[in-house]
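*Asks:* Got a structure for you, questions after.
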Amino acid sequence: MAQKGEGAVGPSSRIGLVGQTIALENRSSRASSVLTPSLARIADKDVEVELRGLSQPLFKVGGKLGNIVTSSSLSQIHRGWRIIAVNGQRLAAEEVSKALAAAQKMAKYTVTFGLEDEAKSDLPNGDRLDKERKERERFDNERLEKARLEKERSEKERLEKERLEKERLEKERLEKERRDEQEKERLAKARDKERKQEAEKRAAREVAEKSLEQSTGLPPRETVQEPQRALLAALAPVTRSPTPEAKPKGPCDKCDGPHATDDCPHFKKPRDDHKDAYENYQKTQKTGSEKIEEVKLSSASCRVLPQPGDGSCLFHSMNHGLKGSGASALRAEIADYIAAHPSEEVAGNPVSDWVLWDSGEDPASYARSMRAGSRWGGAMEIALCAKLRHAFIEIFERRPDHFVRIASFGDSRAANRIRLLYGGRIHYDAIETR
Numbered sequence: 000m001a002q003k004g005e006g007a008v009g010p011s012s013r014i015g016l017v018g019q020t021i022a023l024e025n026r027s028s029r030a031s032s033v034l035t036p037s038l039a040r041i042a043d044k045d046v047e048v049e050l051r052g053l054s055q056p057l058f059k060v061g062g063k064l065g066n067i068v069t070s071s072s073l074s075q076i077h078r079g080w081r082i083i084a085v086n087g088q089r090l091a092a093e094e095v096s097k098a099l100a101a102a103q104k105m106a107k108y109t110v111t112f113g114l115e116d117e118a119k120s121d122l123p124n125g126d127r128l129d130k131e132r133k134e135r136e137r138f139d140n141e142r143l144e145k146a147r148l149e150k151e152r153s154e155k156e157r158l159e160k161e162r163l164e165k166e167r168l169e170k171e172r173l174e175k176e177r178r179d180e181q182e183k184e185r186l187a188k189a190r191d192k193e194r195k196q197e198a199e200k201r202a203a204r205e206v207a208e209k210s211l212e213q214s215t216g217l218p219p220r221e222t223v224q225e226p227q228r229a230l231l232a233a234l235a236p237v238t239r240s241p242t243p244e245a246k247p248k249g250p251c252d253k254c255d256g257p258h259a260t261d262d263c264p265h266f267k268k269p270r271d272d273h274k275d276a277y278e279n280y281q282k283t284q285k286t287g288s289e290k291i292e293e294v295k296l297s298s299a300s301c302r303v304l305p306q307p308g309d310g311s312c313l314f315h316s317m318n319h320g321l322k323g324s325g326a327s328a329l330r331a332e333i334a335d336y337i338a339a340h341p342s343e344e345v346a347g348n349p350v351s352d353w354v355l356w357d358s359g360e361d362p363a364s365y366a367r368s369m370r371a372g373s374r375w376g377g378a379m380e381i382a383l384c385a386k387l388r389h390a391f392i393e394i395f396e397r398r399p400d401h402f403v404r405i406a407s408f409g410d411s412r413a414a415n416r417i418r419l420l421y422g423g424r425i426h427y428d429a430i431e432t433r
């Protein structure tokens, strides 16, 4: 079945009618003065009528060649009109009847009406067919040329789109390379800055470790098996028993001989006066003739109050003794004090040195992490709590049948008295006496 548009009768302007569409095509004027009014309508223009198929035909065709309208019930189609195309396909006269019958089986179809040139009508049948063939070829060539031009236009549009897309992709690639290069530079600078900061921290930590070792005998943290235990001993003020009365005739506290301790001929120097003594100071440390007071609590007289193992056990324990507003508030108060007073001395050394020894960080960074709750509290926080809350804080360790004090912070005469149980490494619980 020939499709609409093949062998098209040429460009046209469209006029809408009820249930139909008529398209008019200009062509060369025909010189005729004997045409009826109905034939005059198609003398200079071909008329294309759109019809509904699948029903009884509303006009009939006949004539010598079968292409002339012999009767019509439509006002748009008149008797005597010649059919020159069906569904836009230009046809020879003898092809019309067959093409029209096939088109009437479609839902919709178009029929183009026109007048043949008189010269063409007078031609012998073979010449007339040849002329019609040439006309069809001309129309086909025009259609093919139009299709070619449309294809060229589409191809140009496609190529232009491809060019623009390539430009866009290249621009994106270059932009990504630029961003990646900037990111590499940023990361390289960040790594250099981080390495520089780490080197500065290590240098500052080494200085702090040397200072603390000279003033307290506290060795570098990495050499200590239990850092918090060692820090407690180094930070806690020495609790001394009253100076014993002089015993001119002995016995000597150093050798048990019949002479005063200070006059001992065998031991000229104070006993246990060396940097490792602090690790067992609660039992053996002496400074001159004064010795450390050992404090014990019987298990029967005490009650241990376990605290949550949530990283804030020390602050829970101290807050329990202080009867304060909460562990978080106490943590924040101490962290803010560390950040604001890095040069304040605790046990004869600045806060910054103790912080560097314990964490390797500067006080501001240490305080931020402490305040956020991402760091456990330890000896430094106990010492500062005793100072800020005017409390006397005692640290005990468990023994089989009693508790022994290993460190104390603050004034023993203070009204706030807090007892903590050190469970090893970083855990603390509260102690209450019965």
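0 is the number of the first residue of the sequence shown in numbering that gives the first Met the number 0; add one for each residue after it. Virtual Cβ for every residue (Gly too), placed ideally from N, Cα, C. These figures come from a predicted structure and were not determined experimentally.
1. At a cut-off of 8 Å, would you count Arg167 as near the ligand ATP, judging by its Cβ distance to the nearest heavy atom?
2. Report the residue from Lys192, Asp191 and Pro218 whose alpha carbon sits nearest the alpha carbon of Arg204.
3. Specify the secondary structure class of Asp45 as computed by DSSP and reduced to three states.
4. Please return the same chain residues whose Cβ sits closer than 6 Å to the Cβ of Cys251, not counting the five positions on each side in sequence.
5. Could you pull the start and end residues of the alpha helix (DSSP H) that Lys104 belongs to?
6. Could you pull the DSSP bridge partners for Glu431 from this structure?
7. Could you round the C-beta distance between Ile337 and Leu387 to whole angstroms and report it? I think they count as a contact, below 8 Å.
8. Could you have a look at Leu401 and say whether DSSP puts it in helix, strand or coil?
9. Could you give the distance in angstroms between the alpha-carbon of Ser70 and the alpha-carbon of His77?
10. Distance check for Gly256 and Ser311, CA to CA, integer angstroms please.
11. Secondary structure at Val95, three-state DSSP: helix, strand or coil?
12. Where does the unbroken beta strand (DSSP E) through Phe58 begin, and where does it stop?
13. Indicate the three-state DSSP secondary structure (helix, strand or coil) for Thr35 in the structure shown.
14. So what's Val354 in DSSP terms, helix, strand or just coil?
15. Along the chain, where does the alpha helix (DSSP H) that runs through Leu53 open and close?
16. For His401, collect the residues of the same chain with a Cβ closer than 7 Å to its Cβ; drop the 5 residues on either side in sequence, then sort them by chain order.
17. Taking the CB atoms as reference points, tell me whether Gly62 and Ala106 lie closer together than 9 Å.
*Replies:* The relevant details are as follows:
1. Ligands displayed in this structure: none; no statement on the ligand ATP is therefore possible.
2. Pro218
3. strand
4. His258, Thr260 and Cys263
5. Here Lys104 belongs to no alpha helix (DSSP H), and DSSP marks it neither H nor E.
6. Arg302
7. Not quite, the Cβ-Cβ distance comes to about 11 Å (not below 8 Å), so this is no contact.
8. Strictly speaking, residue 401 in this sequence is His, with Leu absent from that position. In the structure shown, His401 sits in a strand (DSSP, three-state: E or B).
9. 7 Å
10. 52 Å
11. helix
12. Phe58 to Gly61
13. coil
14. helix
15. From DSSP, Leu53 is part of no alpha helix (DSSP H); its letter is neither H nor E.
16. Lys295, Leu296, Ser297 and Ser298
17. no
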